[in-house]
Amino acid sequence: MKEDQDKTEIKEGVPWKNTGRFETWKKADKKRQALMKEWKEKKSNHMQVKVKKLSSCFVVKTRANPDIKKATDSKKNKRKNHTQKK
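Residue numbering for the sequence shown follows our numbering, beginning at 246 and increasing consecutively.
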């Protein structure tokens, strides 16, 4: 019974895309802040951004928010299913 609990299925999320590589945390954070400001001005609140430390540098990564994407996908699926039933 305990083995069944350990074998839970893990679903992968939306992949992150590398936006830039920087030598210091301050430069990477500056890019992250600029992206967030740009998205706020465009009212694109469906994006996510993070800074990840690698052994040689810092990488700024971006992706679409998976929670918001699921909501829009479900609306499309409902519309497709509704038209197929007729």
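Note that beta-carbon positions come from the ideal geometry of N, C-alpha and C, so glycine has one too.
At least 8 Å separates the beta-carbon of T253 from that of L280. V305 counts as buried, since no fewer than 16 other beta carbons sit within 10 angstroms of its beta carbon. Our two residues, K285 and A309, have alpha carbons roughly 14 Å apart in a direct line. When the five nearest sequence neighbours on each side are left out, the beta carbons in the same chain lying within less than 6 Å of the beta carbon of P311 are those of G258, V259, in order along the chain.
Excluding residues up to 5 positions away in sequence, F267, W270, A273, V296 lie with their Cβ nearer than 6 Å to the Cβ of F303 in the same chain.
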